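Participant:
Residue numbers (my numbering), protein chains in the order written: chain H, 1447 to 1560; chain U, -12 to 101.
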């Protein structure tokens, strides 16, 4: 049973560029959440997708957007990259958007903005 | 609003001695509480979770935590530390029901020495 997978593993971009990160949830899961983990910090919630809609959003600007596909996979898009966007981006999946359900995390995508 | 405070950024113990990682939480609703562990260059792994059942929760690898509502605490303990326990530990809160956004603490780095 494959767990949560993310691609790419690492990415280097320059300021002002746009980036797309991808996530495939654990088999049987229908809810995907995205988190940003800056160096030395705990992950911060970006947003959550369920039934192809954004259900919750954290304190991130509109430059951060996402999408969920019918097969439950998801993309995170970041426009107009800033140096401060350099971080580990984590995807987590769960069965339904319930606070009781465990979220399973992928290995992350390390984004470096130069 | 929900929040988590991890009282120690760094804890160092000798192998074979007890581990105590402290966490206080704040939540407007009945919370779900989790402890996650992050080993270097690896994804986040769930150690244990509390979701309003028994207040003493047992997790993987000998870890346990006790939910104390009167103290708003959810401290993580282990009777005997092992070298393989060295990692970053995150206390996490989620409000129950459909609000499944996870709020992470800033993390406690556990060092285990011989």
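The beta carbon of each residue, even a glycine, is placed where N, CA and C say it ideally should be. Remember, predicted model here, so these are calculated numbers, not experimental data.
When you compare the region -11 to -2 of chain U with the region 1518 to 1531 of chain H, are there three or more beta-carbon pairs, one atom per stretch, that lie closer than 8 Å?
Facilitator: Output reads no: the region 1518 to 1531 of chain H does not touch the region -11 to -2 of chain U.
Participant: If you draw a straight line from the alpha carbon of residue 1543 (chain H) to that of residue 1475 (chain H), how long is it in whole angstroms?
Facilitator: Within the first chain, numbered from 1, the residue matching residue 1543 (chain H) stands at position 97. Within the first chain, numbered from 1, the residue matching residue 1475 (chain H) stands at position 29. About 10 Å.
Participant: Using C-beta distances below 7 Å, list every residue in its chain close to residue 1533 (chain H), excluding the 5 sequence neighbours before and after it, in chain order.
Facilitator: Taking the first chain and counting its residues from 1, one reaches residue 1533 (chain H) at position 87. Here the set comprises 1482, 1483, 1484, 1557.
Participant: Considering only C-alpha positions, which residue in the set U:32, U:9, U:12 is nearest to residue 1550 (chain H)?
Facilitator: Locating residue 1550 (chain H) in the first chain gives position 104, counting from the first residue. Comparing Cα positions, the closest option is U:32.
Participant: So with Cβ pairs under 9 Å, would you call residue 1466 (chain H) a contact of chain U?
Facilitator: As a first step, residue 1466 (chain H) must be located in the first chain, where it is residue number 20. By this cut-off, residue 1466 (chain H) is not an interface position.
Participant: Determine, using beta carbons only, whether residue 50 (chain U) and residue 65 (chain U) come nearer to each other than 9 Å.
Facilitator: Along the second chain, read from residue 1 onward, the residue named residue 50 (chain U) stands at position 63. Along the second chain, read from residue 1 onward, the residue named residue 65 (chain U) stands at position 78. Closer than 9 Å, so yes.
Participant: Could you name the residues of the region 1529 to 1547 of chain H whose beta carbon sits closer than 9 Å to any beta carbon of chain U, in the order they occur along the chain?
Facilitator: Under the 9 Å Cβ criterion, the region 1529 to 1547 of chain H contributes 1536, 1538, 1540, 1542, 1543, 1544, 1545, 1546, 1547.
Participant: I'd like to know whether the C-beta atoms of residue 1487 (chain H) and residue 1552 (chain H) end up nearer to each other than 9 Å.
Facilitator: Taking the first residue of the first chain as 1, we reach residue 1487 (chain H) at position 41. Taking the first residue of the first chain as 1, we reach residue 1552 (chain H) at position 106. In this structure, residue 1552 (chain H) does not lie closer than 9 Å to residue 1487 (chain H) by Cβ.
Participant: So if DSSP puts residue 32 (chain U) in a beta bridge, which residue, or which two residues, is it bridged to?
Facilitator: As a working note, residue 32 (chain U) is residue 45 in the second chain. Answer by DSSP bridge pairing, in chain order: U:24.
Participant: If you measure from the beta carbon of residue 8 (chain U) to each beta carbon in chain H, is any gap under 9 Å?
Facilitator: On the second chain, residue 8 (chain U) is found 21 positions in, with the first residue counted as 1. No - not a single Cβ of chain H is within 9 Å of the one on residue 8 (chain U).
Participant: DSSP has residue 1513 (chain H) in a bridge; who is on the other side?
Facilitator: Residue mapping note: residue 1513 (chain H) aligns to position 67 of the first chain, counting from 1. H:1521.
Participant: Looking only at its own chain, which residues have a Cβ that is under 6 Å from the Cβ of residue 1458 (chain H), when we skip the five neighbours before and after it?
Facilitator: Mapped onto the first chain, residue 1458 (chain H) falls at position 12. Only 1558 meet the Cβ criterion.
Participant: Could you tell me if residue 1515 (chain H) is buried or exposed, where buried requires 16 or more neighbouring beta carbons within 10 angstroms of its beta carbon?
Facilitator: Within the first chain, the letter at position 69 stands for residue 1515 (chain H). Classification for residue 1515 (chain H): exposed.
Participant: Counting only beta-carbon separations shorter than 9 Å, does residue 101 (chain U) have a partner in chain H?
Facilitator: Indexing the second chain from 1 puts residue 101 (chain U) at position 114. No, residue 101 (chain U) does not count as interfacial toward chain H.
Participant: Mind pulling the chain H residues with CB within less than 9 Å of residue 91 (chain U)?
Facilitator: Position 104 of the second chain, counted from the first residue, corresponds to residue 91 (chain U). Within chain H, the residues near residue 91 (chain U) are 1481, 1483, 1487, 1488, 1489, 1490, 1491.
Participant: How would you call residue 1471 (chain H), buried or exposed, if buried means at least 16 neighbouring beta carbons within 10 angstroms?
Facilitator: Here residue 1471 (chain H) refers to the residue found at position 25 when the first chain is read from its first residue. Answer is buried; the Cβ neighbour count reaches 16.
Participant: Interface residues of chain U around residue 1549 (chain H) at Cβ under 7 Å?
Facilitator: Taking the first chain and counting its residues from 1, the one referred to as residue 1549 (chain H) is at position 103. Within 7 Å Cβ-Cβ: 89.
Participant: Give the DSSP-derived three-state secondary structure of residue 1505 (chain H) in the structure shown.
Facilitator: Start at 1 with the first residue of the first chain, and residue 1505 (chain H) comes out as number 59. Residue state, collapsed to three classes: coil.
Participant: Beta-carbon separation of residue 2 (chain U) and residue 74 (chain U) under 9 Å?
Facilitator: As a working note, residue 2 (chain U) is residue 15 in the second chain. As a working note, residue 74 (chain U) is residue 87 in the second chain. Going by C-beta atoms, residue 2 (chain U) is not nearer than 9 Å to residue 74 (chain U).
Participant: Per DSSP, residue 1630 (chain H) is paired with what?
Facilitator: Residue 1630 (chain H) is absent from the structure shown; chain H starts at 1447 and stops at 1560.
Participant: Determine, using beta carbons only, whether residue 50 (chain U) comes closer than 9 Å to chain H.
Facilitator: Taking the second chain and counting its residues from 1, one reaches residue 50 (chain U) at position 63. Cβ-Cβ to chain H under 9 Å: no for residue 50 (chain U).
Participant: Any heavy atom of the ligand SAH closer than 8 Å to the Cβ of residue 1521 (chain H)?
Facilitator: Within the structure as shown, the ligand SAH is missing, as the structure has no ligands at all.
Participant: When you compare the CB of residue 33 (chain U) with every CB in chain H, is at least one pair closer than 9 Å?
Facilitator: As a position in the second chain, residue 33 (chain U) is number 46, starting the count at 1. So, interface residue.
Participant: Assign residue 47 (chain U) to buried or exposed, taking buried as 16 or more other Cβ atoms, counted over all protein chains shown, within 10 Å of its Cβ.
Facilitator: As a position in the second chain, residue 47 (chain U) is number 60, starting the count at 1. That one is exposed.
Participant: Taking the CB atoms as reference points, tell me whether residue 90 (chain U) and residue 79 (chain U) lie closer together than 9 Å.
Facilitator: Here residue 90 (chain U) refers to the residue found at position 103 when the second chain is read from its first residue. Here residue 79 (chain U) refers to the residue found at position 92 when the second chain is read from its first residue. Closer than 9 Å, so yes.
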